[in-house]
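In my numbering, the protein residues as written are 87 to 321.
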């Protein structure tokens with residue numbers, strides 16, 4: 087199937103984050119996962135340099151939290167339904183880091199999470215080095231109920247090298263790839279009783295610290311950075 091490039095972000099050195107596309111989440115409040123960071127829009131936490139976008143977590147006291155970090159998203163500005171999403175990224179290292187490249191469904195009516203749907207293009211937690219998680223969350227299948235649709239895979243050198251993380255999403259399936267190799271594929275027919283993946287979704291990039299998934303935090307590791315070189319979306 088021939089596809090067309092519909093979105094490209096290369097985070098050119100010397101530029102600022104394009105706020106026609108991206109917004110910042112700001113604040114603490116654990117974000118539903120007992121996380122420990124406070125998200126800011128400071129250049130210290132979110133900036134563009136020669137090797138791309140850098141989302142950096144620091145050990146510091148800020149409004150009652152012990153860590154600062156960044157979370158940016160396209161909610162209300164850019165959404166996509168189906169396509170091939172290619173993100174070139176390098177992970178932070180160390181216990182307590184929890185970077186994620188993921189998507190949430192556009193809210194319809196009063197529905198909230200997990201009914202809106204969540205696509206985790208990739209997640210990595212520093213306590214299990216080089217293990218990458220690919221997951222879907224729905225009203226019936228989600229981490230709150232320990233029923234999420236998920237696959238884990240060992241990918242070497244995720245904290246020392248850039249890798250290409252890919253979501254390939256259409257009306258029948260959601261597949262995940264790393265460096266051109268498929269890691270997992272989940273089919274609508276197998277989860278038809280709870281499949282909210284036939285509507286627009288927005289993209290989220292963040293580096294969480296601690297929490298239910300990030301786990302125990304090693305304060306000696308900071309600062310740590312999630313780096314994104316490019317994002318390309320084809321439909």
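Where is the CB? At the ideal position from N, CA and C, for every residue including glycine. All of these numbers come straight from a predicted model, not from anything done at the bench.
Item: The region 217 to 230 contacting the region 130 to 144, beta-carbon criterion three pairs below 8 Å; Value: no
Item: Which residues DSSP lists as bridging residue 274, in chain order; Value: Its beta-bridge partners do not exist; DSSP assigns none.
Item: Residues bridged to residue 250 (per DSSP); Value: 174
Item: Boundaries of the beta strand (DSSP E) in which residue 191 is found, first to last residue; Value: 183 to 191
Item: Nearest to residue 151 (by Cα), restricted to the options 314, 305, 114 and 139; Value: 114
Item: Distance, residue 277 Cα to residue 249 Cα; Value: 29 Å
Item: Where the alpha helix (DSSP H) through residue 299 begins and ends; Value: 297 to 300
Item: Where the beta strand (DSSP E) containing residue 114 begins and where it ends; Value: It is not in any beta strand (DSSP E) - residue 114 carries neither H nor E in the DSSP assignment.
Item: With 16 other Cβ atoms within 10 Å as the buried cut-off, status of residue 177; Value: buried
Item: Sequence-distant residues of its chain with Cβ nearer than 6 Å to residue 273 (five each side left out); Value: 259
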